[in-house]
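When we follow the UniProt record's numbering, the leftmost residue of the sequence shown carries the number 1, and every step to the right adds one.
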Amino acid sequence: MRKSIVSKSIVSIITLIAILAFLSSTAAAASKVTLQPTSKNVYAGENITLNVVVTPDTQISGIQFDLEYDGSLFQIADVTEGNLFSQSGQNTLFSPGQIENGKLSNVYGCILGSSSVSTPETFATVTLKANTGVQGTSQFYLRNVTISSSASKPVNVRLVNTGITISEPEAKKPRGLLVKLIESILG
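Written out as structure tokens, the structure reads:
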């Protein structure tokens, strides 16, 4: 009798561990959306490209996002569609969203038809211009991100945001007296 209770207890514990392991692995699964580069330094006045890269953990067919940033440091020059949904030759729908000071809203895209993708790729490319006469770091935050599965259901999402620093280019070093003297002699 005692042996039966011990073996039932062991089976119950093993079953509980298996269920917990399954639930934790299911909960941990998420498609990743990454802003690349993960960090960068630029000079005032320069352009920089920010890619929105999606690494699906399941078949997906649509995505939407907003992007928040410091509008006193950067302006958005352009938003273009990447290859995420067109990589298999499918027709797509893409909206570059609306640009406001410090926010890019309602960027979305999807595959037209019943196809889906699961290969990591760039969803959108945002071209930024660093404002002139400023220095500082802007964090870029993905907001309101929704990814749709091939069954049109939302999937779990993990976000990787970024920061970009603007600095002034180094000033030209003053030329020394010796250089000026040589230049004046040589003419």
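Beta carbons are placed, not taken as given, at the ideal position from N, Cα and C, and that holds for glycine.
Small disclaimer: the values here were computed from a predicted structure and weren't measured.
* Asked: Along the chain, where does the beta strand (DSSP E) that runs through residue 129 open and close?
  -> 121-130
* To do: Might you give, ordered along the chain, the residues of its own chain that have their beta carbon closer than 6 Å to the beta carbon of residue 203, omitting 5 neighbours on each side?
  => With the chain covering only 1 through 187, there is no way to say anything about residue 203.
* Look at the alpha carbon of residue 185 and the alpha carbon of residue 178, and state the distance between them as a whole number of angstroms. => 11 Å
* To do: State the DSSP-derived secondary structure class of residue 32, mapped to helix, strand or coil.
  => strand
* Asked: Just curious, the beta strand (DSSP E) that residue 74 is in, first and last residue?
  -> 74-81
* To which residues of the same chain is residue 97 closer than 7 Å at the C-beta, ignoring the five residues directly before and after it? -> 79, 104, 105, 106 and 107
* Asked: Based on the DSSP output, what are the partners of residue 50 in its beta bridges?
  -> 126
* **Own chain partners of residue 161 with C-beta closer than 7 Å, once the 5 adjacent residues on each side are dropped** => 35, 139, 140, 141 and 142
* **Proximity test, Cβ basis, 8 Å: residue 145 and chain D** => Protein chain content of the structure displayed is limited to a single chain, and chain D is not contained in it.
* With which residues is residue 108 paired in a DSSP beta bridge? -> 64 and 95
* For residue 168, I'd like the list of residues in its chain whose CB is within less than 8 Å of its CB, leaving aside the five on either flank, ordered along the chain. => 43, 44 and 135
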